[in-house]
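Below: the structure, in structure tokens.
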Amino acid sequence: MKRNYYILIGLFILFLSGNVYSQDLDALLNAQIKPTVNYATASFKASRIINGHSIEQMKKKQLDFRISHRFGTLNDGAYGLYGMDRSVIHFSLEYGLTDWLMLGVGRGSLNKIYDSFAKFKLLRQSSGEKTMPVSVSYLTSIEVNSMKFDTTRIQLTPTTFAPRVNYFSSRLTYVNQLLIARKFNDNFSFQLSPTFIHRNLTKTELDKNDIFAMGFGARYKLSKRLSLNAEYFYTLNPNAKVMETRYYNSASVGIDIETGGHVFQIMLTNSQGMREGTFIPQTTDSWLKGGIHLGFNISRVFAFNQ
Amino acid sequence: MKKQLIILAILIMSVSAFGQDKFIAKNAYISFYSSTPLEDILGESNEAVTILDATKGEVVFQALMTTFHFKRALMEEHFNENYMESSKFPKAKFKGMIEGFNKDMLKAPVANIKITGQLNVHGVEKTITVPGTIGMEAGKLVATAKFKVTPEEYGIVIPSLVRDKIGKEMEITVKDNYVPFGQ
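Chains as they are written, first to last, in my numbering: chain A, 1 to 306; chain B, 1001 to 1183.
Here you go:
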């Protein structure tokens, strides 16, 4: 009897140890998995929130072909088909040289702008093994206004003129922007974009050469392929009102629709320009007066890696 | 007293025997592939971890979804963001038994086997039986498996807009070289 008892206990322990062992196989496996760094990805669906740059950029050997339109203002009324009659366009090609550096060139019909930019990834938001609360990128860009100079002479008195020398450098605008973003959860991301813009030549003496602005951008995912975006650029030292031209802060709302290799962005904005040097210091339409432009960006990504 | 000692001895022996019969592969290869006239999709990971228990023929696998890489960066982003929801379901797991297992299979040349177990992907667990191979190849213990799954089985919704670009079935390929555990 006693012997059976021992055998029973023995079997029980064996059975138990076998059981413990099979749980151990999972535990053993878990112990082999190295702790990983989880980088926040896809804080925004595209490289632009609406007009301004987002923290996102092309990965290595990926090319983004972007076509953007901004129509006239809704208050053009029925005569101008609510802005449809006057649209401006911007094309750009943007390429990921490495995972942390994207280069882009573009051409816009507003002010006949040629532009080029470089976007550097400085920090990546992460959790897990390494923790970083925000992603940070630096954007630098040069815009060339290729409009003909409006004058070749300077008026000295009402009747006397002197020839004016127009320099190429007068066409240039420099943009420096820090992009600081946090993906709070799967749906909500927020970005701050402190911006410094220098214009070599301004339209009038009253316009400022150096512009400081703070951008605020956010997106909220409505579904996996649809997100609601908003963007606002607050200019800290806005241009003074020059005659009838008043300058406003740029404010935009839009939605992103993602379809595989394409992202469609449809927006309402008071800015017709699509580059920082235009929409931050030179937005002349007001939401409150119906100066709202309908617009869209289309992004198509091509992969060139083997 | 004697009996107790014997039982103890058996127990110790059995435990130590377990210790010698485990094999591990830390850089196991897992891929999934779908082909349609519009687009081929290939995601590959070389960072899956698997352990084989040679006493029972039990295998366990684990792969982090973020270790799968694609040619197109956007595919990778969509894979994690839209389909696998990797922040919610970071791992794919498999735990199964090799059917009709005996230890000699590990020393013999590569032969066909069947493995039955639970595959856990996207938070959905299904019992599957998959064909595979195991055995010695060029002095290494090699195991492979190739099988098909459908995204819908694992609660992965594919919108009609991209339905034509993503195959109805995904072909999963697994390949690993086992080495004795602890070496």
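Every residue gets a Cβ at the ideal spot worked out from N, C-alpha and C, and that includes glycine.
Model, not experiment: these values are computed from the prediction.
Per DSSP, the beta-bridge partners of isoleucine 1134 of chain B are B:Ala1111, B:Ala1143. Segment contact: the region 247-260 of chain A against the region 1161-1175 of chain B, three or more CB-CB distances shorter than 8 angstroms; contact assigned. In this structure, the beta-carbon distance from leucine 236 of chain A to valine 253 of chain A does not fall below 8 angstroms.
Looking at the DSSP output, alanine 1054 of chain B bridges to nothing.
For the pair glycine 83 of chain A and leucine 294 of chain A, the CB atoms are nearer than the 8 angstroms cut-off. As DSSP reads the structure, tyrosine 114 of chain A sits in a beta bridge with A:Arg107, A:Val144. Residue-level contact by beta carbon holds for isoleucine 33 of chain A and chain B, with a gap shorter than 8 angstroms. Rounded to whole angstroms, the Cβ separation of alanine 1025 of chain B and alanine 1063 of chain B is 12 angstroms, and the two are not in contact under 8 angstroms. Neighbourhood of valine 88 of chain A in chain B, by CB distance below 7 angstroms: empty, with the nearest CB roughly 28 angstroms away.
In this structure, threonine 160 of chain A lies away from isoleucine 197 of chain A, with their beta-carbon atoms at least 8 angstroms apart. When the alpha-carbon of phenylalanine 212 of chain A is set against those of A:Met243, A:Phe184, A:Leu226, A:Gln177, the nearest one is in A:Gln177.
C-alpha of proline 1180 of chain B to C-alpha of isoleucine 1098 of chain B: approximately 18 angstroms in a straight line. In the same chain as valine 1060 of chain B, and ignoring 5 residues on each side of it, the C-beta atoms closer than 6 angstroms to its own belong to Ile1051, Lys1095, in chain order.
Glutamate 56 of chain A counts as buried, since at least 16 other C-beta atoms from the protein chains shown sit within 10 angstroms of its C-beta. With a threshold of 8 angstroms between beta carbons, asparagine 1080 of chain B makes contact with chain A. One alpha carbon belongs to valine 1157 of chain B, the other to proline 1151 of chain B, and they sit about 7 angstroms apart.
Under DSSP, threonine 1066 of chain B takes part in no beta bridge, so it has no partner.
Residue ranges of uninterrupted beta strand (DSSP E) with 3 or more members, entirely inside the region 133-202 of chain A and ordered along the chain, are 135-145, 153-155, 161-163, 172-183, 188-199. For glutamine 125 of chain A, the closest C-alpha among the options A:Val136, A:Tyr232, A:Lys208 is that of A:Val136.
In this chain, glycine 217 of chain A is not harboured by any alpha helix (DSSP H); it is covered by the beta strand (DSSP E) spanning 210-223. Collapsing the DSSP output to three states places tyrosine 247 of chain A in coil. Per the coordinates, the alpha-carbon of tyrosine 1033 of chain B lies some 41 angstroms from the alpha-carbon of glycine 108 of chain A. A straight line joining the alpha-carbon of lysine 1103 of chain B with that of leucine 93 of chain A spans about 59 angstroms. When the beta-carbon positions are compared, threonine 283 of chain A and serine 250 of chain A come within less than 8 angstroms of each other. Judged by DSSP secondary structure, leucine 206 of chain A falls outside any alpha helix (DSSP H); it is assigned neither H nor E.
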